[in-house]
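Okay, so the sequence shown: first residue is -2 according to this note's numbering, each after it adds one. Here a beta-carbon is modelled for each residue, glycine too, at the ideal position from N, C-alpha and C.
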Amino acid sequence: MGWTGFNGGDPYTVSVDASLAVLNTHVCTATSLLVWLLLDIIFFGKPSVIGAIQGMITGLVCITPAAGKNYIFIPNNRIM
């Protein structure tokens, strides 16, 4: 479970908030990974595994405080 259980289990109930937290956790992690890999390619000419892992962890840390409150489908909330 890990970070998904931590963010998704915070509401202590099966609800929209819990599912939103899990969805936001996965979307933010994947987006951060892709952006970090793109920046690795732009600056260093090649992607790296360390960069990918660092991007994933950065995404997890970024979304944790607002995982259940940030609606990814509202345009103003997409940039954190």
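Using three-state DSSP, classify residue i as helix, strand or coil.
i          : result
residue 65 : coil
residue 79 : Because the chain is modelled from -2 through 77, residue 79 falls outside the range shown and cannot be assessed.
residue 5  : helix
Tell me the rounded alpha-carbon separation between residue i and residue j.
i          : j          : result
residue 5  : residue 58 : 14 Å
residue 33 : residue 18 : 22 Å
residue 31 : residue -1 : 21 Å
residue 11 : residue 56 : 24 Å
residue 39 : residue 3  : 33 Å
residue 63 : residue 9  : 16 Å
residue 61 : residue 13 : 17 Å
Mark residue i as exposed unless 16 or more other C-beta atoms lie within 10 angstroms of its C-beta, in which case mark it buried.
i          : result
residue 47 : exposed
Q) At a cut of 8 Å, does the stretch 44 to 56 reach the stretch 21 to 29 through at least three beta carbon pairs? A) yes
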